[in-house]
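Quick notes on the structure that follows.
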Amino acid sequence: MSANAPSTRAEAFSETRDRIVTASYGLFSKRSTRDVAMDEVVAVSGVAKATLYRHFRTKDDLVLAFLDRREEVWTLGTMEAGARARSDDAEGRLLAIFDILEDWFQRDDYEACSFVHVLFEMGADHPLGRASSTHLANIRGMVSRLANEAGLRDPDDFALSWNVLMTGAIVQAAEGDRKAAARAKLIAAPLIERYRA
5 MSANAPSTRA EAFSETRDRI VTASYGLFSK RSTRDVAMDE VVAVSGVAKA TLYRHFRTKD
65 DLVLAFLDRR EEVWTLGTME AGARARSDDA EGRLLAIFDI LEDWFQRDDY EACSFVHVLF
125 EMGADHPLGR ASSTHLANIR GMVSRLANEA GLRDPDDFAL SWNVLMTGAI VQAAEGDRKA
185 AARAKLIAAP LIERYRA
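Per our numbering: the sequence shown = residues 5 to 201.
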């Protein structure tokens with residue numbers, strides 16, 4: 005057995021599952037989840053169709069795993085960790101969110117918000133729509149934590165208003181406005197002022 009080979013059946017199962025989720029991440033984040041066929045996931049992941057269905061009984065199960073990965077990579081990794089890394093100042097971390105969005109909007113592979121895509125595709129009452137709503141609420145929760153650290157009053161209410169700016173910038177960037185984050189940041193600074201305790 006090579007040094008990199010999984011040592012147990014559970015590790016092999018986990019590695020295969022991860023390969024499938026990684027393949028679906030690349031496909032689902034760039035295109036509509038409805039537009040991606042499971043055969044494409046099989047081809048990109050390099051696993052047999054039976055293996056895919058052993059790990060994910062339905063496409064919805066795979067989309068749920070994708071949404072969880074998106075939160076891990078994007079919400080916690082890129083947004084929250086990025087905001088904390090960009091500023092030592094609590095209010096500066098909130099404004100850094102728009103700097104992160106600005107960088108994202110300039111990329112040729114900008115793909116907009118997967119949570120919003122799936123919510124609109126599936127509707128709010130579908131299990132995937134409900135999962136997307138939960139992930140969107142987690143983004144607001146991240147903003148609320150940062151607002152609390154900044155000493156702003158009513159951090160949850162602040163996060164709702166902040167989210168309007170973030171989501172609006174993401175949609176406007178999808179329309180082609182690469183300066184949408186900079187425009188939103190100009191509106192964001194007075195919003196912080198309004199919520200200072």
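Just so it is clear, CB atoms sit at the ideal spot from N, CA and C, and this is done for glycine as well.
The DSSP-derived three-state label of Arg-157 is coil. Restricting attention to alpha helix (DSSP H) runs no shorter than 4 residues, the region 76–111 encloses them at 86–90 and 94–110, ordered along the chain. Put simply, of Ser-91, Phe-60 and Ala-178 the residue whose alpha carbon is nearest the alpha carbon of Ala-116 is Ala-178. Rounded to the nearest angstrom, the Cβ distance from Leu-98 to Ala-154 is 6 Å, consistent with a contact under 8 Å. Counting C-beta pairs with one atom in each stretch, the region 79–95 and the region 50–63 have fewer than three that are closer than 8 Å, which means they do not touch. Per DSSP, the unbroken alpha helix (DSSP H) holding Gly-30 starts and ends at 13–34.
In terms of Cβ geometry, Ala-173 and Ala-184 form a close pair [threshold 8 Å]. In this structure, Gly-86 is the residue among Met-126, Gly-86, Val-120 and Leu-123 with its C-alpha nearest to the C-alpha of Trp-108. Spatial neighbours of Arg-21 in its own chain (CB-CB distance under 7 Å, excluding positions within 5 residues in sequence) are listed in chain order as His-59.
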